[in-house]
Structures are given as structure tokens and as C-alpha cells.
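Okay, structure first, notes after.
In the numbering used here, the protein residues as written are 55 to 145.
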């Protein structure tokens, strides 16, 4: 049979209902802190990603302009070379 002494020993070994509720509320607060932290980190990452997209788009536009300029210069050279070849063949 279980005696009062056994119950006192069990109370020392096992958590009481109140202790379990206290631990549960501490865990809830911990999870809320973690969720808030994840939200803040996500916001920072999204801001960095948006900045990167913006910078990448600017870079893409610059590269497109450089490519157009190079293509124009190349076309100009090809026209001059063709003209020189024509003039050389005609002479």
C-alpha cells in the first residue's frame, strides 16, 4: 500500500500539475519569441532580396546599353570594311 511518505517522495521526483503548467507557459513564450525572431529575419532577407533585384535590374539595363553600343560600333566597322573591300575591288 502507498503511504504518505511514498507520496512525498513521488512529489519530489515527479512534476506537479502546477509545475507542468508553468513549464508549458514558458515554452509558449519561448516559441513566440522564436516565431517573432524568424519574422524579423525573414523581413531582413526580403529587404536584401528586393535590393538585390533592384541592383540586378540596373546592371541588366547597363549591360543592354553597352551591348547596343558595341553592336552599333560593330555594324559601323562592318559597313566601313565592306565599303573598303568594294572600293579595293573596283580599283
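Each residue gets a CB set at the ideal place from its N, CA and C atoms; glycine is no exception.
Values in this document were obtained by computation on a predicted structure and should not be read as measured data.
Host alpha helix (DSSP H) of residue i (start-end)
i          : result
residue 59 : 58-67
Helix, strand or coil at residue i according to DSSP, with G and I counted as helix
i           : result
residue 70  : coil
residue 81  : helix
residue 100 : helix
residue 117 : helix
Residue i vs residue j beta-carbon contact at 9 Å
i          : j          : result
residue 69 : residue 56 : no
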